[in-house]
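One structure below.
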Amino acid sequence: MLKKSLYAWTLTVLPGLFLSNALAEPAPAQNPGVETEIRAQLTPRNETTLSAEVAAVIKDLSVREGERFKKGEVLVGFDCSIQQAQLQKAQATADGAGKTYDVNSRLSQLESVSSLEVDVAKAKLGEAKADIALTKAGLEKCRIHAPFDGRVAVLKAHEHQHLKVGDPIMDVLDDSQLEIKLIVPSLWLRWLKPKQLFKVHIDELDRDYPAEVVILGARIDPVSQTVSITGRVTGKHTELLAGMSGRALFPDKAH
53 MLKKSLYAWT LTVLPGLFLS NALAEPAPAQ NPGVETEIRA QLTPRNETTL
103 SAEVAAVIKD LSVREGERFK KGEVLVGFDC SIQQAQLQKA QATADGAGKT
153 YDVNSRLSQL ESVSSLEVDV AKAKLGEAKA DIALTKAGLE KCRIHAPFDG
203 RVAVLKAHEH QHLKVGDPIM DVLDDSQLEI KLIVPSLWLR WLKPKQLFKV
253 HIDELDRDYP AEVVILGARI DPVSQTVSIT GRVTGKHTEL LAGMSGRALF
303 PDKAH
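My numbering puts the sequence shown at residues 53 to 307.
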């Protein structure tokens with residue numbers, strides 16, 4: 053009878069003791085020192101497609117594919133001789149309207165013309181000045197300036213080619229600061245913060261580069277439970293090109 057009681061006590065009490073001890077002891081670290089790899093791609097911070105804003109022939113194309121340029125530099129010049137002639141015509145019309153208005157204003161003081169004639173002359177002068185402003189605005193579109201420091205990624209048009217409004221001319225990008233695009237598990241938001249340091253291994257060069265997290269995505273994908281983040285390569289590395297890809301290497305916090 054005593055043996056049976058001891059056996060029952062062992063079954064009912066000891067499992068609870070064993071379970072309590074198991075919870076009290078910390079779980080061993082998983083893969084200590086191992087880095088977690090995430091696919092990554094280098095992208096330019098700024099990129100755009102420059103398109104024709106006037107229907108005209110390309111007269112000057114100052115850059116070639118792959119060449120660098122400075123912000124404000126004239127990249128494309130169109131043959132806008134027609135728009136230039138329209139400006140001269142608008143200026144001549146404005147000069148005539150201005151003289152008519154001046155004469156009518158003096159005659160009005162002598163009561164030789166009605167105030168209505170003065171108002172009409174003034175309105176025509178205003179219309180002529182508006183035509184000048186409109187023509188000048190069109191002429192400004194005859195030259196395309198670089199929106200930022202960068203280089204030509206793809207050249208889609210050539211000198212002497214006639215373009216319509218909206219036709220693409222070139223793709224340009226700013227590679228002075230390349231960003232790293234990543235998609236990581238949403239659970240990483242528990243520890244992943246801006247300025248988190250990591251490494252990125254670029255496959256094309258077979259080299260590692262220092263990097264840091266810049267921006268955390270604003271939305272989690274409910275299906276894949278992932279979130280996009282943006283990082284940047286720290287330091288100056290002229291050998292890096294937009295479009296290169298590789299692996300982002302994070303510390304073992306990811307495990």
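C-beta atoms are modelled at their ideal positions from N, C-alpha and C, and glycine is treated no differently.
Quick caveat: nothing in here was measured; it's all calculated off a predicted structure.
Note that the region 131-141 does not touch the region 226-237; fewer than 3 beta-carbon pairs, one per stretch, sit closer than 8 Å.
Taking a contact as a CB-CB distance under 8 Å, the pair Gly283 and Ile232 counts as one, their CB atoms being some 4 Å apart. Going by C-alpha positions, Arg242 is about 17 Å away from Ser276. In the DSSP assignment, Lys233 forms a beta bridge with Gln93, Thr282. By the Cβ rule, the region 87-94 does not count as touching the region 174-181, because fewer than three pairs are nearer than 8 Å. With contacts defined as CB atoms closer than 7 Å, Ala209 and Ile221 qualify as a contacting pair. Ranked by Cα distance from Val265, the options Leu127, Leu244, Lys151 are led by Leu244. In terms of CA proximity to Val126, Ser114 leads the group Ser114, Val109, Gly118. Leaving aside the five residues that flank Gly150 on each side, the residues in its chain whose CB is nearer than 6 Å to its CB run, in chain order, Leu177. Rounded to whole angstroms, Ala294 and Lys181 show a C-alpha spacing of 47 Å. Using a Cβ distance threshold of 7 Å, Gln143 and Ile184 count as a contacting pair.
The straight-line gap separating the alpha-carbon atoms of Thr187 and Leu257 is approximately 51 Å. The alpha carbon of Glu291 has as its nearest neighbour, out of Ala263, Arg91, Asp227, the alpha carbon of Asp227. Per DSSP, Arg242 lies in no beta strand (DSSP E) and is assigned neither H nor E. In the three-state scheme derived from DSSP, where H, G and I count as helix and E and B as strand, Arg158 is classed as helix.
Pro274 counts as exposed, since fewer than 16 other beta carbons sit within 10 angstroms of its beta carbon.
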